[in-house]
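Notes follow once the structure below has been shown.
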Amino acid sequence: MTEQQRETPAHRYDAQLADTIETTWQARWKDAGTYHTPNPAGSLTEGPADGPTDLATRPKLFIMDMFPYPSGTGLHVGHPLGFISTDVYARFKRMTGHNVLHTMGFDAFGLPAEEHARSTGVHPRENTEANIANMSRQLARLGLGHDDRRAIATTDVAYYRWTQWIFNQIFNAWFDPETQKARPISELEAEFSDGSRPTPGGRPWAELSISEQRAVLHEYRLAYVSEAPVNWCPGLGTVLANEEVTAEGRSDRGNYPVFRRPLKQWMMRITAYADRLLDDLDLLDWTDSIKTMQRNWIGRSEGAHIDFRVPTASDETGEVATIQVFTTRPDTLFGATYMVLAPEHELVDHLIADAWPDGTKDAWTGGAPSPADAVAAYRHATSQKSDLDRQENKTKTGVFTGAYAINPVNDTSIPVFIADYVLMGYGTGAIMAVPGQDERDWEFAEAFDLDIIRTVQPPADWDENAAFIGEGPAINSGFLDGMAIADAKSAMIDHLTEIGAGEGTVTTKLRDWLFARQRYWGEPIPIVFDDDGNPISIPDDQLPVNLPELIDWAPRQLDEDSQPEPPLGRADEWKTIEFDFGDGTTTYARDLNVMPQWAGSCWYYLRYIDPESDDVVADPTSEKYWMGGDDADAGGVDLYVGGVEHAVLHLLYARFWHKVLFDLGHVTTKEPFKRLINQGYIQAYAFKDERGIYVEAAEVEESGDGYRFEGAPVSREYGKMGKSLKNAVTPDDMYEQYGADTLRLYEMFMGPIDQDRPWETKSVVGSMRLLQRIWRNLVDEDTGELTIDASPASDDLRRSLHKTIDAVRTDMDALSFNTAIARITELNNELTKLDRPTPEEVADPLVRMIAPLVPHVAEELWNRMGNETSVVYAEFPTADPSMLVDDEIEIPVQIKGKVRSRITVPADADDATLEAAALADPRIQELIDGAEIRKVIVVPGRLVNIIA
RNA sequence: GCCCGGGUGGCGGAAUUGGCAGACGCAGGGGAUUCAAAAUCCCCCGACCUUCGGGUCGUGUGGGUUCAAGUCCCACCCCGGGCACCA
Numbered sequence: 013m014t015e016q017q018r019e020t021p022a023h024r025y026d027a028q029l030a031d032t033i034e035t036t037w038q039a040r041w042k043d044a045g046t047y048h049t050p051n052p053a054g055s056l057t058e059g060p061a062d063g064p065t066d067l068a069t070r071p072k073l074f075i076m077d078m079f080p081y082p083s084g085t086g087l088h089v090g091h092p093l094g095f096i097s098t099d100v101y102a103r104f105k106r107m108t109g110h111n112v113l114h115t116m117g118f119d120a121f122g123l124p125a126e127e128h129a130r131s132t133g134v135h136p137r138e139n140t141e142a143n144i145a146n147m148s149r150q151l152a153r154l155g156l157g158h159d160d161r162r163a164i165a166t167t168d169v170a171y172y173r174w175t176q177w178i179f180n181q182i183f184n185a186w187f188d189p190e191t192q193k194a195r196p197i198s199e200l201e202a203e204f205s206d207g208s209r210p211t212p213g214g215r216p217w218a219e220l221s222i223s224e225q226r227a228v229l230h231e232y233r234l235a236y237v238s239e240a241p242v243n244w245c246p247g248l249g250t251v252l253a254n255e256e257v258t259a260e261g262r263s264d265r266g267n268y269p270v271f272r273r274p275l276k277q278w279m280m281r282i283t284a285y286a287d288r289l290l291d292d293l294d295l296l297d298w299t300d301s302i303k304t305m306q307r308n309w310i311g312r313s314e315g316a317h318i319d320f321r322v323p324t325a326s327d328e329t330g331e332v333a334t335i336q337v338f339t340t341r342p343d344t345l346f347g348a349t350y351m352v353l354a355p356e357h358e359l360v361d362h363l364i365a366d367a368w369p370d371g372t373k374d375a376w377t378g379g380a381p382s383p384a385d386a387v388a389a390y391r392h393a394t395s396q397k398s399d400l401d402r403q404e405n406k407t408k409t410g411v412f413t414g415a416y417a418i419n420p421v422n423d424t425s426i427p428v429f430i431a432d433y434v435l436m437g438y439g440t441g442a443i444m445a446v447p448g449q450d451e452r453d454w455e456f457a458e459a460f461d462l463d464i465i466r467t468v469q470p471p472a473d474w475d476e477n478a479a480f481i482g483e484g485p486a487i488n489s490g491f492l493d494g495m496a497i498a499d500a501k502s503a504m505i506d507h508l509t510e511i512g513a514g515e516g517t518v519t520t521k522l523r524d525w526l527f528a529r530q531r532y533w534g535e536p537i538p539i540v541f542d543d544d545g546n547p548i549s550i551p552d553d554q555l556p557v558n559l560p561e562l563i564d565w566a567p568r569q570l571d572e573d574s575q576p577e578p579p580l581g582r583a584d585e586w587k588t589i590e591f592d593f594g595d596g597t598t599t600y601a602r603d604l605n606v607m608p609q610w611a612g613s614c615w616y617y618l619r620y621i622d623p624e625s626d627d628v629v630a631d632p633t634s635e636k637y638w639m640g641g642d643d644a645d646a647g648g649v650d651l652y653v654g655g656v657e658h659a660v661l662h663l664l665y666a667r668f669w670h671k672v673l674f675d676l677g678h679v680t681t682k683e684p685f686k687r688l689i690n691q692g693y694i695q696a697y698a699f700k701d702e703r704g705i706y707v708e709a710a711e712v713e714e715s716g717d718g719y720r721f722e723g724a725p726v727s728r729e730y731g732k733m734g735k736s737l738k739n740a741v742t743p744d745d746m747y748e749q750y751g752a753d754t755l756r757l758y759e760m761f762m763g764p765i766d767q768d769r770p771w772e773t774k775s776v777v778g779s780m781r782l783l784q785r786i787w788r789n790l791v792d793e794d795t796g797e798l799t800i801d802a803s804p805a806s807d808d809l810r811r812s813l814h815k816t817i818d819a820v821r822t823d824m825d826a827l828s829f830n831t832a833i834a835r836i837t838e839l840n841n842e843l844t845k846l847d848r849p850t851p852e853e854v855a856d857p858l859v860r861m862i863a864p865l866v867p868h869v870a871e872e873l874w875n876r877m878g879n880e881t882s883v884v885y886a887e888f889p890t891a892d893p894s895m896l897v898d899d900e901i902e903i904p905v906q907i908k909g910k911v912r913s914r915i916t917v918p919a920d921a922d923d924a925t926l927e928a929a930a931l932a933d934p935r936i937q938e939l940i941d942g943a944e945i946r947k948v949i950v951v952p953g954r955l956v957n958i959i960a
């Protein structure tokens, strides 16, 4: 025996042994299909070869992680935190009799692969697949119990075929305001056709040409084409995403100028679903903060549309122009002293007066000789401002249009301005300004010397130079005077409705979803255009529309006057295609846009359910089973874990698609994700030297007076883990030093799932030690023999065991893995102190309890203990209730709320017994010393408090 | 500015309905074992005072309710996140 061997016992649980155990079991699980989850019908009805055969008849549980983007840099230890949590929970639920669906996919379309292709010439697909392979390897080594048959990538042609199919569903649907539901567009067409719904122009449907019919239907579709501005960068010959444009309006890459250009773009009518997206939040088991974020994003506000006539101007049809405003405060209409339109408002051109009217104040003209000049100059100035400028510089600016509008409630003539504090994208892009009750209007009125009329009585001590937003009686408001705000609002709305000058309405901040991207690496939009530019969807049976294999990445130097062109426009042969849509074979132009990255992640949960079906997006029986379609509540994925950065967009878009599919009968639940948890982030310390350069965090040493790197002092920061801060720790490092089970255990022990936490490699050893101690309590380190025997445990130990089981079950259910681990540690510490072999009646449940957390070492111990089937499907231990109560308990005795002594009493002692025992305690008697006892508070089982 | 979270030992964090603050772990200290060290096992570990029995203070700050407050109420400070001229 060599020196080395004598020093380390041959059967110690260390990194080498962990590695052997982990890779061995991973291979065996893979062979047996241990994590194969059976569907109740259709495809994938096969379960595990080494598990129970009745899984598909058990209660279901659908657990999901927000799937990752397969980045080229691979994982660091922060990434899998959520994945481990869901895996532990899934494993726990498998052991409590559930059929658990848990798998993993990749959100693999997106800019980085395209950028990588651009710089290296490697096709995005090749690069993406290599990254997926690497990341899959890193994740597999963690021992995640995923059903790998269900793994998908959004870039798989077989997957994006169905993404395109869903696009077609949405395109071929309209939102019926009567039923508040999406319906097939064919039903709308039928109504037009049989005359039950009048056509927009009044002509009979049959008299419209096919092109005209398409144009009419297009106005109703849930996916529609509209002009929207894009960031066109001629220097790169491409359109850029907002995040690729610098604050100076230049391209992030290359620093070329970027121009805002209108382009025909796909939009999705998510605004139609605003109310349902808002209301159904109540059905969801999500945190209040996420619900609030979604509510704020949707931004529903109730108010009124009010029409102001502008007698001096006419609109496009020659009628007297009418400015419609949206206001949440119709009760303040008597205080409207001017109006403001967004500079881009289409009515502005019709309003501009030929010359400044009498009474125009100097401040209103912007120094221009005529309204037209003033408006032109102001619009130009506004267009030069970046969004950031507009956000940061909130000084009110604007110019008078020379026009006056009539306040419909009192016929007062009020000036009409344009100003950039009114946004085109919200409400009607025009406001009535009521400086008395609005801070922004007050500021503008002060700057432009406009009248201010208060219409709500402020309290006596109110600053007379400030707008008053609060509650109070109406004043200066004719028939509203004296009313509270709510009453005044409804009285005004009634009045406006009666005189035909307005009506109550609702507006949302939510805009329709801009769905087109002018990129290459995304799902092609399955649309062609006829000669009149009407979009037609490619029939479902001809999907998928494959991405063309073009890759001409060389930037094209184009001039400033060039038109925006998506990359697919370069695929000359692909650009056009022949079709026969019933009016003869014709050549059609394909849509050249691709979908945004959100698209693939909007519905992947459905494909997890049934990744193989060719004829249906997901088998209906399986869909209903996994999504819980019979529930009266929202239904959906039972647990969805992911980062809070997707609180709004991803979750809102996915909910929207799901609701459309629900309306059209393709899914059976109202909501996609019943329960949502946002896991916290693992952050890490980073260190900078005196030059301010980051140094390798792993090599920094702590000394008494601070931190040192190669002897020189460094300063410590705290932030995201990553390459740039030189503080990344990879799972591979941890596998090598400790093994996957230790990494899993440490990440789960660090703190509650939803909290950010600092990574500390030096603390990982604590989790390793727990596993070593458990191992040592069950296996002899020198011989490898089990150190378990069949003789019964002591009563105390048995009680500890059952209390542990009880607590661990509760904690696991609540995803409180950190406290579950603490309880297991306590039990194991008791075993360590035992001067006898571990009783089997404790060893068996202990191994079961650790199995969800550290599946490999648990499986190894389970196997060594003589079990022939996998611990993965073993039953989780259940506590014996009679073992949870002690015969005797120690409770504190307080005098005036301070603990002065402790007494040991029978657990079921009543109040009188407790009081007597407390007063009889020698220490208490000594302290009371004959003083008068005024009151004794007894909380059975908890404490006695004596007020003396 | 508005809306959400959150402030507990040197560190990560525990603490049912208001009922023994600091479970569990890391770091630190002491002991056993060892020729020695590592590993392992045992003990201590909020601060201050102490006659070593114990006492006083202590959960961001200041008030309050209560027999009893980390927990409830009021005011404030700090940190993190979201939104931001949304009429």
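Residues 13 to 960 in my numbering are what the first sequence lists, from first letter to last. C-beta: ideal position from N, C-alpha, C; glycine also.
Note: E314 is bridge-paired with V518 in the DSSP secondary-structure output. Residue R466 holds the alpha-carbon nearest to the alpha-carbon of A478 among A805, G90, R466 and N488. Note on the stretch 689-751: whole beta strand (DSSP E) runs with a minimum of 3 residues are 694-700, 713-715, 718-721 and 724-732, in chain order.
In the pairwise beta carbon analysis, the stretch 614-627 is classified as not touching the stretch 26-45: fewer than three pairs are separated by under 8 Å. Short of 6 Å from the beta carbon of M824, and not among the five residues preceding or following it, lie these beta carbons of its own chain, in chain order: F104 and A832. Annotated as distal: E748 and V726, with beta-carbon spacing of 9 Å or more.
In this structure the stretch 346-361 touches the stretch 440-458; the number of beta carbon pairs closer than 8 Å is three or more.
The DSSP assignment places complete beta strand (DSSP E) segments of no fewer than 3 residues inside the stretch 526-560 at 539-541 and 547-549, in order along the chain. Shown here, M280 sits in a strand according to DSSP, grouped into three states. When the five nearest sequence neighbours on each side are left out, the beta carbons in the same chain lying within less than 7 Å of the beta carbon of W278 are those of A235, V237, F527, A528, I537 and N605, in order along the chain.
For K815, the secondary structure class from DSSP, reduced to helix, strand or coil, is helix.
In the structure shown, W454 adopts helical secondary structure according to DSSP, grouped into three states. Comparing C-alpha distances from S894 to each of L813, E887, L843 and T822 shows the shortest one belongs to L813. Around the beta-carbon of R281, 16 or more other beta-carbon atoms lie within 10 Å, marking it buried. Rounded to the nearest angstrom, the Cβ distance from A415 to I426 is 10 Å, too far for a contact under 8 Å. Contact between D571 and P189 does not hold, since their C-beta atoms are separated by about 46 Å, which reaches or exceeds 8 Å.
For S97, the number of other beta carbons within 10 angstroms of its own is at least 16, and it is reported as buried. Selection T509, F460, D450 and S502 evaluated against G482 yields D450 as nearest (Cα-Cα). Per DSSP, the unbroken alpha helix (DSSP H) holding M639 starts and ends at P632 to M639. In this structure, the alpha-carbon of Q150 lies about 19 Å from that of V869. Our two residues, V905 and V948, have alpha carbons roughly 10 Å apart in a direct line. DSSP places T588 in the uninterrupted beta strand (DSSP E) bounded by T588 to D592.
For H23 against D794, the beta-carbon gap comes to about 7 Å, under 8 Å, which counts as contact.
Judged by beta-carbon spacing, T175 lies beyond the 9 Å limit of S882, meaning their Cβ atoms are not closer than that value.
Listed in chain order, the non-local C-beta contacts of I302 below 6 Å within the same chain comprise A659, local neighbours out to five positions each way being set aside. E759 counts as buried, since at least 16 other C-beta atoms from the protein chains shown sit within 10 angstroms of its C-beta. Scanning P889, A943, D923 and D66 for the CA closest to the CA of I907 turns up A943.
Scanning the stretch 99-132 for uninterrupted beta strand (DSSP E) segments of 3 residues or longer gives 111-114, listed from N- to C-terminal end. Rounded to whole angstroms, H392 and F412 show a C-alpha spacing of 15 Å. Annotation for R391: the continuous alpha helix (DSSP H) segment containing it runs P383 to Q396. In the structure shown, M76 adopts extended strand secondary structure according to DSSP, grouped into three states.
Setting aside the 5 residues that flank it on each side, I464 is surrounded in the same chain by P447, G448 and A457, each with a C-beta closer than 6 Å to its C-beta; the list follows chain order.
Linking F460 to I497 through their CA atoms gives a straight-line distance of about 28 Å.
Contact between D524 and G54 does not hold, since the beta-carbon distance rounds to 35 Å and is not under 8 Å. Around the CB of K845, fewer than 16 other CB atoms lie within 10 Å, so the residue is classed as exposed. Scanning D552, W586, E126 and T340 for the CA closest to the CA of L559 turns up W586.
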